[in-house]
Amino acid sequence: MVDDWVHTLGVRYFSELSILAQMMEETGEVARIVSRRYGDQSFKKSDEDHDLGDELADVLFAIVCLANRTGIDLSQAIRKNLEKKTKRDKDRHWKNPKLTGHSGGQS
Ligand SMILES: [Mg+2]
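Mapped onto the working numbering, the consecutive letters of the sequence shown carry residue numbers 247 to 353.
Here you go:
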């Protein structure tokens, strides 16, 4: 879907460095919203109509563009990554009392 969009409306992919810069810029926009919504800062008038979902989609778009530009099959990469995490962290998070609310240790 992204590739179709880029090759019709976008003409061609930007360079890898430009896509990376765009990704960082969009990540900053996500950070700004999260910081103001969940952190201690308040929204400025100009921030109030920003949409977190839309900004996350901007980051994802840049990630997909970088993957496509560099010949990475992102669907395959995420499957492989989740397999890695599953092997590595199979029990880790269930044993984390911060997540489960259980002390996990001896009382
Ligand atoms: Mg944006």
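The beta carbon of each residue, even a glycine, is placed where N, CA and C say it ideally should be.
### Task
Using a threshold of 8 Å, state whether the C-beta atoms of residue 310 and residue 302 are closer than that.
In this structure, residue 302 does not lie closer than 8 Å to residue 310 by Cβ.
#### Entry: Counted within 10 angstroms of its Cβ, other Cβ atoms place residue 308 as buried (16 or more) or exposed
Burial call: buried.
### Message
Can you give me the C-alpha to C-alpha distance between residue 254 and residue 260, rounded to a whole angstrom?
### Response
When rounded, the distance between both Cα atoms is 14 Å.
### Message
Is residue 294 a contact residue of ligand 1, with contact defined as CB to any heavy atom under 7 Å?
### Response
No, since every heavy atom of ligand 1 falls outside the 7 Å radius drawn around the Cβ of residue 294.
### Selection from 322, 327, 299, 314 that minimises the alpha carbon distance to residue 251
Distances from the alpha-carbon of residue 251 to those of 322, 327, 299, 314 put 314 closest.
### Task
Please state whether DSSP places residue 316 in a helix, a strand or coil.
Residue 316: coil per DSSP, three-state reduction.
### Task
Compute the Euclidean distance between the alpha carbons of residue 318 and residue 312, then round it to the nearest angstrom.
Approximately 8 Å, taken between the alpha carbons.
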